[in-house]
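Colleague: Okay, here's the structure, questions in a sec.
Chains as they are written, first to last, in this note's numbering: chain A, 3 to 534; chain B, 4 to 276.
The structure is reproduced here in structure tokens:
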């Protein structure tokens, strides 16, 4: 690379960092229930070497019975010790590795094409793509898994014709991807098989490949052993697969269908799901429609202006990537294979690993079109439209989204915790209703938010925690449902309820409202009361 | 008749028989088979020297669900047939090229309008079949204008009807052209030669601009059509789809195609419950 290209690369990395790092504690507006589980487990591991459920240095974190892959939580331990209990601590790994994904994607393209401009373009497009920005701003295991996949692929190609140690590092990175997220348990081995199949002829010594594979298998063996020892780990997987779909599960239980017919139904459902994952409408138009449900212009995971680039990229990929174009296409094709086996429609978190090949294809198309249309007017129009698209996305995401989606992120629990922290000694008991949202419809996880933000001693949490059918009891906290009419209002007790479960006037006459938590859009979320 | 053309006739015969069994109507059996044969003739007119390495694969087209579909209006298959005849004549002769071209485009448009029910069989215009009848679009423009505090010149670009309808039409098109909407009528196996055919065509389209114009018109009609029945909609593009499939057949690996065909049959015979 020339000095000018290196400067541009540095600028792209800066853009990537700013877009992923700015106001990290406010956008999204609150840690989600998965993020707080990661955060609390990291906090607990940092001080006790045990997770929330008292398991010693687990390889699979029970969490909300979702049994998360371990790496993200362990990466959050040092950041929690450094930054304390806050959003930056838990999101730092995702932010950092998200930015590094932009770097290594560019390096990968450069390695495959020796075209520095194409590499820069690819990195730039990934740096501004919503499909990658959003996950990099959340504590998402799939985002760090993506980094390790990209790094592994880069090191793999770098190791062709070169030293074995690069290949070993590649397989270590692939192994780490499997410690990062469950999708990679199937995706990564498949990807490795494809890489080996397409490139085996470039390895002067096949023994190097064998060594790499053996190291990879040794590294992932603990995962396999842990899985076999804890088959209930896949409790969540069982509820998330197509097989748990009502229609399919009824069909499978039916005696009217033979095994071939049941297999046909499963394959048909699976292909239908896969079709939704590769639907360009979803990628370019509806990925981000949560805060935009009735807006006339929707935002996709990838900007709409890149549709022609994507289509042209599919045609021009071979010219730019030569021997390696097939790998990019296969990567894009196999990425949704595993998430397509889950139900609930296309899930961008589970399918995050597909964003890199899509961006590479788009970059190839954009690169071709940019060089084809030497007319500066066409280029100016493209840049203008891209700028408008990005600005629209930025206004929606950085301004509109945090205001509109507070409830989706259980907003309010952090604020409750901060209030409690300031007034902890004023109460003998703190009763927290576990519901939140409109009509108290949703189940929150205050038992994680409150201890996390109040820095409750994790050892105390482990020693004193009692889970009963009434609720969860630890320290002076009682996290349980209750009805105002049946609750005996006690003195020196703080009651925290969702706004929708406010007490009646008669009961309220015995209470004093000490605080109210509002959502970012100004609507009330939680009310805090104490006895008069 | 060369061997490949013989296989096309076999495929047409197979489609004919399946149509007779399915619809018990001679006219649709004849028209669907004729569309297949004429599409092959059009392809041979464009690519007289192209060889299909495994011509046996062509027979599998006979079981393609879209070739065994009966559109609501008989005008549609008739328009397709006339369109194909005119295109073949246009490509074979330089005489009357302009009138032929105009007639071809006219019949393409007719088949589109009837196929998408923008014009009903009683020749009434049905505006509710187009995206322009969607009242929610202008409503949402007015509702959300100003919400984001965008600079006024940006607001005028983003929140104007042209931008919104353009975005909506492209979204509509992409939503229609998804994998499931393609493999249900065409079979998964045929997506393989279709993709290869489209890829190869776009690398070499300059000599066949009329086909490109035809493709653009089809995509245009899909983008403004509001309600999609995948079979009815793809039927109007049937001859073009067959053209690309034939082109793709010259590039496929037959073993992969046959494996996909077995998978296609496996899915095609899924019980309907």
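For every residue, glycine included, the Cβ atom is placed at its ideal position computed from N, Cα and C.
1. Counting contacts by CB-CB distance shorter than 9 Å, is residue 361 of chain A in contact with chain B?
2. Going along the segment 183-195 of chain B in order, which residues come within less than 9 Å of chain A, judged by CB to CB distance?
3. Excluding sequence positions up to five away, which residues of its chain have a Cβ less than 6 Å from the Cβ of residue 226 of chain B?
4. Going by CA-CA distance only, name the one from A:193, A:201, A:417 that's closest to residue 339 of chain A.
5. Starting from residue 532 of chain A, trace the beta strand (DSSP E) both ways and give me its first and last residue.
6. Quick one: Cα of residue 189 of chain B to Cα of residue 48 of chain A, how far?
7. With 9 Å as the threshold, decide whether the Cβ of residue 617 of chain A is near any Cβ in chain B.
8. Is residue 260 of chain B closer than 9 Å to residue 192 of chain B when the C-beta atoms are compared?
9. Report the neighbours of residue 280 of chain A on chain B: residues whose CB is nearer than 7 Å to its CB, in chain order.
10. So if DSSP puts residue 518 of chain A in a beta bridge, which residue, or which two residues, is it bridged to?
11. Give every residue of the same chain whose Cβ lies closer than 6 Å to the Cβ of residue 197 of chain A, excluding the five residues on either side of it in the sequence, and list them in chain order.
12. Within the 9 Å Cβ cut-off, does residue 433 of chain A reach chain B?
13. Taking only beta-carbon atoms, is residue 196 of chain A less than 9 Å away from chain B?
14. Among A:144, A:290, A:167, which residue has its Cα nearest to the Cα of residue 186 of chain A?
15. Helix, strand or coil, according to DSSP, for residue 358 of chain A in the structure here?
16. Spatial neighbours of residue 211 of chain A within its chain, please: C-beta separation below 8 Å, excluding the five flanking residues on both sides.
17. Tell me where the alpha helix (DSSP H) around residue 251 of chain B begins and ends.
18. Return the chain-ordered list of same chain residues with a C-beta closer than 7 Å to the C-beta of residue 538 of chain A, the five sequence neighbours on each side being excluded.
19. Which class does residue 120 of chain B belong to by DSSP, given the choice of helix, strand or coil?
20. List the endpoints of the continuous alpha helix (DSSP H) containing residue 22 of chain A.
21. Using 8 Å as the Cβ pair cut-off and three pairs as the minimum, do the segment 244-258 of chain B and the segment 247-266 of chain A touch?
22. With the cut-off set at 9 Å, would you say residue 43 of chain A and residue 75 of chain A are in Cβ contact?
23. Suppose contacts are defined by Cβ-Cβ distances below 9 Å. Is residue 113 of chain A in contact with residue 156 of chain A by that definition?
24. If we define contact as Cβ-Cβ less than 9 Å, is residue 323 of chain A a contact residue for chain B?
25. For the candidate residues A:188, A:9, A:162, A:480, whose alpha-carbon lies nearest to that of residue 147 of chain A?
26. Tell me which residue opens and which closes the alpha helix (DSSP H) that residue 110 of chain A is part of.
27. Any Cβ of chain A within less than 9 Å of the Cβ of residue 270 of chain B?
28. Between residue 414 of chain A and residue 403 of chain A, what straight-line distance do the alpha-carbon atoms span, to the nearest angstrom?
29. Need the endpoints of the beta strand (DSSP E) that residue 475 of chain A sits in, please.
30. In chain A, what lies closer than 9 Å to residue 170 of chain B by C-beta?
31. What is the DSSP secondary structure of residue 233 of chain A, reduced to helix, strand or coil?
32. Using a cut-off of 7 Å between C-beta atoms, extract the partners of residue 273 of chain B located in chain A.
33. Taking the straight line between their C-alpha atoms, what separation do you get for residue 213 of chain B and residue 183 of chain A?
34. What would DSSP say about residue 306 of chain A, mapped onto helix, strand or coil?
Modeller: Result, derived from the coordinates:
1. It does not; no Cβ of chain B falls within 9 Å.
2. Interface annotation for the segment 183-195 of chain B against chain A: 183, 184, 185, 186, 191, criterion Cβ-Cβ distance under 9 Å.
3. Within the same chain, and ignoring the five residues on either side of residue 226 of chain B in sequence, the residues whose Cβ sits closer than 6 Å to its Cβ are 172, 175, 176.
4. Restricting attention to A:193, A:201, A:417, the CA atom closest to the CA of residue 339 of chain A is found in A:193.
5. Per DSSP, residue 532 of chain A is one residue of the beta strand (DSSP E) stretching across 526-533.
6. Going by the C-alpha atoms only, they are around 57 Å apart.
7. A query on residue 617 of chain A cannot be resolved here, the shown segment of chain A reaching from 3 to 534 and no further.
8. Yes.
9. Residues of chain B passing the Cβ test: 182.
10. In the DSSP assignment, residue 518 of chain A forms a beta bridge with A:529.
11. Here residue 197 of chain A has 158 as same chain residues with Cβ atoms under 6 Å from its own Cβ, once five neighbours each way along the sequence are excluded.
12. Chain B contact via Cβ: absent.
13. False, the Cβ-Cβ gap to chain B never drops below 9 Å.
14. The alpha carbon of residue 186 of chain A has as its nearest neighbour, out of A:144, A:290, A:167, the alpha carbon of A:144.
15. Helix.
16. Within its own chain, the residues whose Cβ lies closer than 8 Å to the Cβ of residue 211 of chain A, once the five positions on either side in sequence are excluded, are 169, 198, 202, 205, listed in chain order.
17. According to the DSSP assignment, residue 251 of chain B belongs to the alpha helix (DSSP H) that extends over 241-252.
18. No statement about residue 538 of chain A is possible, as the shown extent of chain A runs from 3 to 534 and does not include it.
19. It is coil, neither helix nor strand.
20. Note, residue 22 of chain A: alpha helix (DSSP H), 5-23.
21. With a cut-off of 8 Å, the segment 247-266 of chain A and the segment 244-258 of chain B do not count as touching, because too few Cβ pairs lie within range.
22. Contact flag set, yes.
23. Annotated as proximal: residue 113 of chain A and residue 156 of chain A, with beta-carbon spacing under 9 Å.
24. The Cβ of residue 323 of chain A sits no closer than 9 Å to any Cβ of chain B.
25. Of the residues A:188, A:9, A:162, A:480, the one whose Cα lies closest to the Cα of residue 147 of chain A is A:188.
26. Annotation: the continuous alpha helix (DSSP H) that includes residue 110 of chain A extends over 89-115.
27. Flagged as an interface residue toward chain A: residue 270 of chain B, by a C-beta distance shorter than 9 Å.
28. Straight-line spacing of the CA atoms in residue 414 of chain A and residue 403 of chain A works out to 16 Å.
29. Its beta strand (DSSP E) spans residues 473-476.
30. Chain-ordered, the chain A residues with CB closer than 9 Å to the CB of residue 170 of chain B read 287, 298, 299, 300, 306.
31. Helix at residue 233 of chain A.
32. The contacting residues are 266, 267, 270.
33. Residue 213 of chain B and residue 183 of chain A have their C-alpha atoms spaced approximately 50 Å apart.
34. When secondary structure is reduced to three states using DSSP, residue 306 of chain A falls in the helix class.
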